[in-house]
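These notes concern the structure reproduced below.
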Amino acid sequence: MRIGRIAGGTTVTHVKRAAALVVGACVLSHSPASAQVPRFRTEGSTSVQGSAPSGPAPSAAKSMGTTQSGPVGSLDRVVLVADRDDDDANGIPDGEEAKLDTLARVDLVTLDPRFTGATIVAGAGKDKARLIVDGKPVVWGARLPRGAQLQGLAPGHVSAVARLGDREWPLTIEVHGVGLRDGKNAVVDPTRQHASIDRTPPGRINPDDADATFADEDALRIVVSSPEGASLGKISVESLSADGASLDTLTGIKLTPASCDGTSTGTDIGCRASAPIRFVVDDVDRAHTLVSSRSVRAEVGGAIVVRDGAGKKLQAIRVAGPRATPVGPIDRLRLSIRPIVMRLAPGSGPAVGGTDAGAITALRQELALASATWGQCGITFGPISQMDVKVVNPPPPYLVALGDDVGLPASGGEIRLRIEGKPVSFTTKSGWSTRQAALELQRVATKAGFGATLSENARISAGAAPSVDVLVKKRDGQLASVELVSSSDSTMAVTVGSVDLADGLQHFGDTDSVAGTLEERTLVKAFEDGDPRTIEVIVVPFFAGGGRIGESFIGSDGSSMRNVVILDRAGVRARRTSLTLAHELGHVILDEPGHPDDYGIDTPTLLMDSDASDASPFGPRRITIDECARAVRQSGPTARVPLLSAWKLGPMRAPSRP
Numbered sequence: 002m003r004i005g006r007i008a009g010g011t012t013v014t015h016v017k018r019a020a021a022l023v024v025g026a027c028v029l030s031h032s033p034a035s036a037q038v039p040r041f042r043t044e045g046s047t048s049v050q051g052s053a054p055s056g057p058a059p060s061a062a063k064s065m066g067t068t069q070s071g072p073v074g075s076l077d078r079v080v081l082v083a084d085r086d087d088d089d090a091n092g093i094p095d096g097e098e099a100k101l102d103t104l105a106r107v108d109l110v111t112l113d114p115r116f117t118g119a120t121i122v123a124g125a126g127k128d129k130a131r132l133i134v135d136g137k138p139v140v141w142g143a144r145l146p147r148g149a150q151l152q153g154l155a156p157g158h159v160s161a162v163a164r165l166g167d168r169e170w171p172l173t174i175e176v177h178g179v180g181l182r183d184g185k186n187a188v189v190d191p192t193r194q195h196a197s198i199d200r201t202p203p204g205r206i207n208p209d210d211a212d213a214t215f216a217d218e219d220a221l222r223i224v225v226s227s228p229e230g231a232s233l234g235k236i237s238v239e240s241l242s243a244d245g246a247s248l249d250t251l252t253g254i255k256l257t258p259a260s261c262d263g264t265s266t267g268t269d270i271g272c273r274a275s276a277p278i279r280f281v282v283d284d285v286d287r288a289h290t291l292v293s294s295r296s297v298r299a300e301v302g303g304a305i306v307v308r309d310g311a312g313k314k315l316q317a318i319r320v321a322g323p324r325a326t327p328v329g330p331i332d333r334l335r336l337s338i339r340p341i342v343m344r345l346a347p348g349s350g351p352a353v354g355g356t357d358a359g360a361i362t363a364l365r366q367e368l369a370l371a372s373a374t375w376g377q378c379g380i381t382f383g384p385i386s387q388m389d390v391k392v393v394n395p396p397p398p399y400l401v402a403l404g405d406d407v408g409l410p411a412s413g414g415e416i417r418l419r420i421e422g423k424p425v426s427f428t429t430k431s432g433w434s435t436r437q438a439a440l441e442l443q444r445v446a447t448k449a450g451f452g453a454t455l456s457e458n459a460r461i462s463a464g465a466a467p468s469v470d471v472l473v474k475k476r477d478g479q480l481a482s483v484e485l486v487s488s489s490d491s492t493m494a495v496t497v498g499s500v501d502l503a504d505g506l507q508h509f510g511d512t513d514s515v516a517g518t519l520e521e522r523t524l525v526k527a528f529e530d531g532d533p534r535t536i537e538v539i540v541v542p543f544f545a546g547g548g549r550i551g552e553s554f555i556g557s558d559g560s561s562m563r564n565v566v567i568l569d570r571a572g573v574r575a576r577r578t579s580l581t582l583a584h585e586l587g588h589v590i591l592d593e594p595g596h597p598d599d600y601g602i603d604t605p606t607l608l609m610d611s612d613a614s615d616a617s618p619f620g621p622r623r624i625t626i627d628e629c630a631r632a633v634r635q636s637g638p639t640a641r642v643p644l645l646s647a648w649k650l651g652p653m654r655a656p657s658r659p
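Going by my numbering, the first residue of the sequence shown is number 2, and it counts up by one from there.
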C-alpha cells in the first residue's frame, strides 16, 4: 500500500464536353459528349449505366474509385488502395487472404453487373491487384460471374483488357498505397502491429522533412504511395472508439515528398508523407499549440482510420499497447475494477456527487480518465458506462481484531462479546498466538449460530506477530453487529472495529502501512469480493488529519488487504491535476509501493511521481516503457495474480463517412 497524491450523398453530376464529375470523382471519356451514357450511384459503389452499340459499358465500384466508359476504344480507369489492413481481425492482411469473409471484403471494388460473363486479362502490373469471386482469388482471364470484385495489393498501374464475346476494351487499374512509419522510419504493419497512445510530452519537429527520424515512439507518419501522375488528393484521420463511435478527427493533413519504402517498389511510384501524428489521451494533450495540428484523441481497442477528402476509408490500424517493450509488443489488456462510493453515515448523502446518481457519474468520469491514462500501456477498464458503481452505507461493527497493537501472545483470560445481542464468550490460554485465539472465537461464534471467517494481517514493523481479524456474519450472510463487553487477558488486545467517517477515515502510517489501520481494514474487508484478480476502488468523504487524497494496498506486502485503492472526494475532484486514481492504481498494477522520485531523478511529467500537480500536458500523466513492461510482468495474464487479462481485438467496421 502506498500514499499517492498529496495535498469530437449528395451526388453531383456535371457534364461539360467530355468530362463528368460523379460523386466527387473525375470521369474522363475519350469519346465525344454525345457518346457518353447516363451515370448513377449504387450503394457502396460508383457505377456507369447505359447502352453502347459496341458492347457493355464496363465499370468498377470502389469507395474512392473513378471509372471511364464508352464505346469500343474508350479507356476504363479504376482507382484502388492496396488492402493491407485486417478488417475481419483474424491476424492476416486482407490482401493476403486465401479466402475473404464478408468483413474482409469491405475495401474491394465490385464490378458493374455488365461485366458478367466477361474476362479481364492483365498484362504489366498484374501483381498489383487481383480478381475476387465469392471471396476467393481467381486468375486473370477467368470468366467473371455477377458480383466479381477487384482488390488492390501493391501501388502501381495494372494494364488490362476486358473481353466479352468478340468485343474488347482497355482497362487501367490504378493502385495507391497508404501506409504508416514510426520514428525510426520503419514500416508499421496495420495488421500485425498497432497504433499506441502517446507517452511523450509535446515537442517541436520539422514538419517539412518527411524523412527525418523522431524520438516519439508512439507517433506515426502516414505515407501515401501513388503511381506516377496520380493522386488520392486530400486525406484526413478519424479516430474510432472501442465501440466504433467517432472519437476525433484530424483534417487538413499536409503531405510532403518522401522516400518510398519496401512496400512501394518501382520507378513509377512517388511517395508523400505526413508529419508524425500523435494519438493522445485527452483534449489537454490534443490542443497544445506545439502539436495541435498533428494530434488526435484515441482509445485502446479503437481504430485509426485514414480517409480521403470525401470521407472514404483508405486504410485502418487498431489501437493497443506499445509496439516495442522489454516484454515484447503489448496488445489490449483489461483490468477488472469494483467501484464503491461510501455514504458519510447510513442513509446520508454519498462522499461525492451530492446524490447517488451524481456519485455514480463522478466516479465513472474518474474511472474513464484513469482508463484512458493507462491506455498508454494498452490497459483498459472496459466500457465505463456499463461499470456497476455501488453507493453503500458504512458497515456495522462486525470485525473482531485480536492482537491489533503489536500481536503479543495471550496471557490467559476470558473475552466476553455480544453478537446481535446474543452473549458469546471464550477463554484464552497463556502463550496462545493471535491465530489460536481467533480460531477459538470462530468455534464459539459458529456454535452460537453465526458465521466467522479468519483474516490474517501482515506483521507491522513494531509487531511481535501478525494480528488476526475475525469477520462475523449472520446466517443470511449479512454482516453481524458485534460489541465487546469485557476482556481479562492482559497482553492480547481484543478490539471491535468500526467505521465512523464523520471524523475522516483513520489512515495508515509508516509503522502499520503493510496492515492498514483497524478502521481501514473494517471498511475494506466488508466489501471485498474475495477475488484477488479484481481491484476494489472505494471513495470516502475524506481522510482524518488532512494532507492525503488517495492510498493503495498492493499484493507484495503480504497483507490480507490487497489490491485496494481508497480515494477521498478531494482525490476525485483533483481530476487531471493529479490523476489520483490512475496514480494509485499504478501502485497496484506495478506492484510497487515507491515512486520514481523516491530513489531517482524527479520527473514531474511521470504519472507515478510522488508530488507533482499540474493539469497541463507536462503534468504527471506519462507512463514509461519500462513501467508498461513491469505491469505485464507483475500483473499480466501469466503473473502470479493476473490482474490484467488478455482482451483480443475483434472486427470493427469503419464505414465511409458522407
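Ideal placement from N, C-alpha and C gives every residue a C-beta, glycine not left out.
Distance, Cα to Cα, residue i vs residue j?
i	j	result
residue 293	residue 301	20 Å
residue 563	residue 487	31 Å
residue 683	residue 436	A question about residue 683 goes unanswered here, because the residues of the chain that appear run from 2 up to 659.
residue 171	residue 299	44 Å
residue 609	residue 191	31 Å
residue 620	residue 634	27 Å
residue 207	residue 188	20 Å
residue 412	residue 494	11 Å
residue 198	residue 483	50 Å
residue 459	residue 439	15 Å
residue 501	residue 580	27 Å
residue 245	residue 378	21 Å
residue 614	residue 597	15 Å
residue 186	residue 212	7 Å
residue 331	residue 638	12 Å
residue 667	residue 499	This structure cannot speak to residue 667, because the chain is shown only from 2 to 659.
residue 148	residue 117	8 Å
residue 229	residue 647	44 Å
residue 401	residue 420	11 Å
residue 654	residue 88	7 Å
residue 595	residue 588	8 Å
residue 522	residue 335	27 Å
residue 238	residue 251	5 Å
residue 455	residue 416	17 Å
Can you round the beta-carbon distance between residue i and residue j to whole angstroms, since I take them to be within the 8 Å contact cut?
i	j	result
residue 126	residue 264	Their Cβ separation, rounded to whole angstroms, is 15 Å, which puts residue 126 and residue 264 out of contact at 8 Å.
residue 618	residue 323	Rounded, the Cβ-Cβ distance is 19 Å, inconsistent with contact.
residue 538	residue 566	5 Å
residue 320	residue 305	6 Å
Can you tell which of the options has its C-alpha closest to the C-alpha of residue i?
i	options	result
residue 278	466, 307 and 303	307
residue 504	181, 497 and 346	346
residue 431	389, 489, 423 and 445	489
residue 546	539, 536, 506 and 524	506
residue 180	162, 205 and 82	82
Return the first residue and the last residue of the alpha helix (DSSP H) that residue i is part of.
i	result
residue 340	First-last for residue 340: 334-343, but that is the beta strand (DSSP E), not the alpha helix (DSSP H).
residue 618	Looking at the DSSP string, residue 618 is not in any alpha helix (DSSP H), and its letter there is neither H nor E.
residue 440	435-448
residue 582	581-591
residue 628	626-636
Counting along the chain, where does the beta strand (DSSP E) carrying residue i start and finish?
i	result
residue 158	157-165
residue 253	Looking at the DSSP string, residue 253 is not in any beta strand (DSSP E), and its letter there is neither H nor E.
residue 424	423-429
residue 572	That residue, residue 572, is in no beta strand (DSSP E); its alpha helix (DSSP H) goes 570-574.
If we count the other Cβ atoms within 10 Å of its Cβ and call it buried at 16 or more, is residue i buried or exposed?
i	result
residue 175	buried
residue 462	exposed
residue 358	exposed
residue 600	exposed
residue 553	buried
residue 259	buried
residue 479	exposed
residue 95	buried
residue 569	buried
residue 585	buried
residue 520	buried
residue 194	buried
residue 469	buried
residue 351	buried
residue 387	exposed
Less than 7 Å between the CB of residue i and some heavy atom of the ligand SAH, yes or no?
i	result
residue 173	With respect to the ligand SAH, the structure offers nothing, as it holds no ligand at all.
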